[in-house]
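Those protein sequence lines, which keep their order, are chains A and B. With the first letter of the first sequence counted as 1, position 23 gets the number 79 in our numbering; the numbers rise by one all the way through. With the first letter of the second sequence counted as 1, position 30 gets the number 49 in our numbering; the numbers rise by one all the way through. In what follows, a structure is listed as structure tokens, so that the remarks can point back to it.
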Amino acid sequence: MIRTLLFCLLLSAPAFAVTLEAPLPSPAQEQQAREIFTQLKCVVCEGQALGESDAPLAREMRVKIRSMVNEGQSEPEILAYFAKRYGDAILLEPPLTFATGLLWFAPLLFLVIGGLLIYRHSRAGGNLP
Amino acid sequence: MMRFVPLFIFLLLAVALGFALVKPESVQQQATPYALPKLALRPFEGEAKFVPGKIMLINFFASWCAPCKLEHIELEMLALNKKLVVHGIIFNDSDENIRRWISDYGNPYRGLWRDEDGSAAIALGVRGVPESFVIDKKGMVRYRLAGPITEQIRVKTIEPLIRTLEAE
Numbered sequence: 057m058i059r060t061l062l063f064c065l066l067l068s069a070p071a072f073a074v075t076l077e078a079p080l081p082s083p084a085q086e087q088q089a090r091e092i093f094t095q096l097k098c099v100v101c102e103g104q105a106l107g108e109s110d111a112p113l114a115r116e117m118r119v120k121i122r123s124m125v126n127e128g129q130s131e132p133e134i135l136a137y138f139a140k141r142y143g144d145a146i147l148l149e150p151p152l153t154f155a156t157g158l159l160w161f162a163p164l165l166f167l168v169i170g171g172l173l174i175y176r177h178s179r180a181g182g183n184l185p
Numbered sequence: 020m021m022r023f024v025p026l027f028i029f030l031l032l033a034v035a036l037g038f039a040l041v042k043p044e045s046v047q048q049q050a051t052p053y054a055l056p057k058l059a060l061r062p063f064e065g066e067a068k069f070v071p072g073k074i075m076l077i078n079f080f081a082s083w084c085a086p087c088k089l090e091h092i093e094l095e096m097l098a099l100n101k102k103l104v105v106h107g108i109i110f111n112d113s114d115e116n117i118r119r120w121i122s123d124y125g126n127p128y129r130g131l132w133r134d135e136d137g138s139a140a141i142a143l144g145v146r147g148v149p150e151s152f153v154i155d156k157k158g159m160v161r162y163r164l165a166g167p168i169t170e171q172i173r174v175k176t177i178e179p180l181i182r183t184l185e186a187e
């Protein structure tokens, strides 16, 4: 009996990490809000999406987003609101601009450079280590 | 020569990422002026209004914030400046902790406010505490500081800015 109870307690441990927030009454609006959460970063906890963060400011942002969705604001409007205040860095997918071009194309560039180096090395008859 | 290309790329990345890792203690911005947005705040103590026509410094702080303790003395120095009104906005903290903070360290704020739902912090793009904004007599945000106000920042940036804004 005690083992069963302890096992149930162990299973419930992740539930302690859940922050209860009131969802929007409309499931469609709540879904829209959650989609926006996945497109913004937590400004407090580096590397976390807004929807995953338990930081107080992140919770307040989610409340704000739900409020804006409830008021009928569109996803681009809401994303623009936060980008205006926190910069494009808050967006998990920053817009393609001159400043962010390197960010977008650097992986492809490195792939191409690496491929060229390998090609030249193989043409020269060398062996890869 | 080509064999040095990977090393060169590595060094370039190391330098670029190294700069990104070494963040300054405070990040200052004297960006294009923008109107102070309407802030939904609850008065906590002191002057319960933003007086138009006065230069203001709005400071987001919390009792649990160590850098806020460091900058407190600088806020007290700024509060002595008759040309400036300093307002404090409590960031994610309890009434009891703030009362204890004021009792322990003093109160440099003409007005102390609660940002109940974080909407003021979000409206201003606040990421954490301390963060301060200088607002001119026309209600335009003229300076923003993410991080503590140091003596150097107060003397070399904020006080000269106040003199400039007073002369406008």
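Here a beta-carbon is modelled for each residue, glycine too, at the ideal position from N, C-alpha and C. Here the structure is a predicted model, which means the values were calculated and not measured.
Cβ distance (whole Å) where residue i is taken to contact residue j below 8 Å
{"i": "B/R119", "j": "B/S82", "result": "7 Å"}
{"i": "A/M117", "j": "A/L106", "result": "6 Å"}
{"i": "B/V153", "j": "B/L180", "result": "6 Å"}
{"i": "A/R115", "j": "B/G144", "result": "Between B/G144 and A/R115 the Cβ distance is about 17 Å, and since that is not below 8 Å, they are no contact."}
{"i": "B/K102", "j": "B/I74", "result": "6 Å"}
{"i": "B/R133", "j": "B/L60", "result": "6 Å"}
{"i": "B/L97", "j": "B/R173", "result": "6 Å"}
{"i": "A/L165", "j": "B/G137", "result": "Not confirmed; about 40 Å, so no contact."}
{"i": "B/P127", "j": "B/P149", "result": "About 12 Å separates the two Cβ atoms, so there is no contact after all."}
Chain-ordered neighbours of residue i on chain B, where CB pairs are closer than 7 Å
{"i": "A/V99", "result": "R146"}
{"i": "A/E108", "result": "Simply none; closest approach about 17 Å."}
{"i": "A/V119", "result": "D136"}
{"i": "A/R176", "result": "M21"}
Residue closest to residue i, alpha-carbon to alpha-carbon, out of the options
{"i": "B/K57", "options": "B/T176, B/A142, B/P25, B/T51", "result": "B/A142"}
{"i": "B/I92", "options": "B/I109, B/L36, B/Y124, B/V104", "result": "B/Y124"}
{"i": "A/D144", "options": "A/I174, A/R122, A/V99, A/S82", "result": "A/V99"}
{"i": "B/L184", "options": "B/G137, B/L89, B/E66, B/G72", "result": "B/G72"}
{"i": "A/Y137", "options": "A/L96, A/A84, A/L62", "result": "A/L96"}
{"i": "A/P151", "options": "A/F63, A/P132, A/L173, A/A111", "result": "A/P132"}
{"i": "A/N126", "options": "A/F63, A/L62, A/I58, A/A78", "result": "A/A78"}
{"i": "B/R146", "options": "B/E135, B/D136, B/A165", "result": "B/A165"}
{"i": "A/A89", "options": "A/F154, A/E149, A/T153, A/K120", "result": "A/K120"}
{"i": "B/S113", "options": "B/E135, B/L26, B/A54, B/M20", "result": "B/E135"}
{"i": "B/E64", "options": "B/P25, B/K175, B/S122, B/T176", "result": "B/S122"}
{"i": "B/L55", "options": "B/R182, B/V70, B/N111, B/V46", "result": "B/V70"}
{"i": "B/I109", "options": "B/T169, B/F80, B/C84, B/N116", "result": "B/F80"}
{"i": "B/I177", "options": "B/N100, B/N116, B/I117", "result": "B/N100"}
{"i": "B/I117", "options": "B/C84, B/M20, B/L94, B/L36", "result": "B/C84"}
{"i": "A/R122", "options": "A/A111, A/Q85, A/S109", "result": "A/Q85"}
Contacts that residue i makes with chain A (C-beta to C-beta distance below 9 Å)
{"i": "B/V24", "result": "I169, L173"}
{"i": "B/M159", "result": "Here the premise fails: no neighbours, minimum Cβ distance about 16 Å."}
Interface residues of chain B facing residue i [CB-CB closer than 8 Å]
{"i": "A/P112", "result": "N111, G137"}
{"i": "A/R59", "result": "What A/R59 touches in chain B: nothing, since even the nearest Cβ is about 40 Å away."}
Beta-carbon neighbours of residue i, restricted to chain C and to distances below 9 Å
{"i": "B/L143", "result": "Any reference to chain C falls outside this structure, whose protein chains are A and B."}
Neighbour-count burial assignment, residue i, 16 or more Cβ in a 10 Å radius
{"i": "A/L130", "result": "A small fix is needed here, since residue 130 of chain A is Ser in this sequence, not Leu. That one is exposed."}
{"i": "A/F72", "result": "Residue placement at A/F72 is flagged as unreliable, the pLDDT there being 41, under the threshold of 50; a coordinate-derived value is accordingly withheld."}
{"i": "B/A139", "result": "buried"}
{"i": "B/R22", "result": "exposed"}
{"i": "B/D155", "result": "buried"}
{"i": "B/P62", "result": "exposed"}
{"i": "B/A186", "result": "exposed"}
{"i": "A/T75", "result": "Because A/T75 sits at a pLDDT of 49, beneath the cut-off of 50, its placement in the model cannot be relied upon, and the point is left open."}
{"i": "A/P70", "result": "Interpretation of A/P70 is limited by its pLDDT of 45, a score under 50 that renders its predicted location unreliable; no figure is taken from the coordinates."}
{"i": "A/L172", "result": "exposed"}
{"i": "A/I169", "result": "exposed"}
{"i": "B/S151", "result": "buried"}
{"i": "B/G107", "result": "buried"}
{"i": "B/V46", "result": "exposed"}
{"i": "B/V34", "result": "exposed"}
Neighbour list for residue i in chain A, Cβ cutoff strictly below 8 Å
{"i": "B/L140", "result": "The question names Leu, but residue 140 of chain B in the sequence shown is Ala. By Cβ distance, chain A contributes L113, E116."}
Point to revise | Touch test, the stretch 151-161 of chain B against the stretch 160-171 of chain A, Cβ-Cβ under 8 Å, three pairs minimum | key: no
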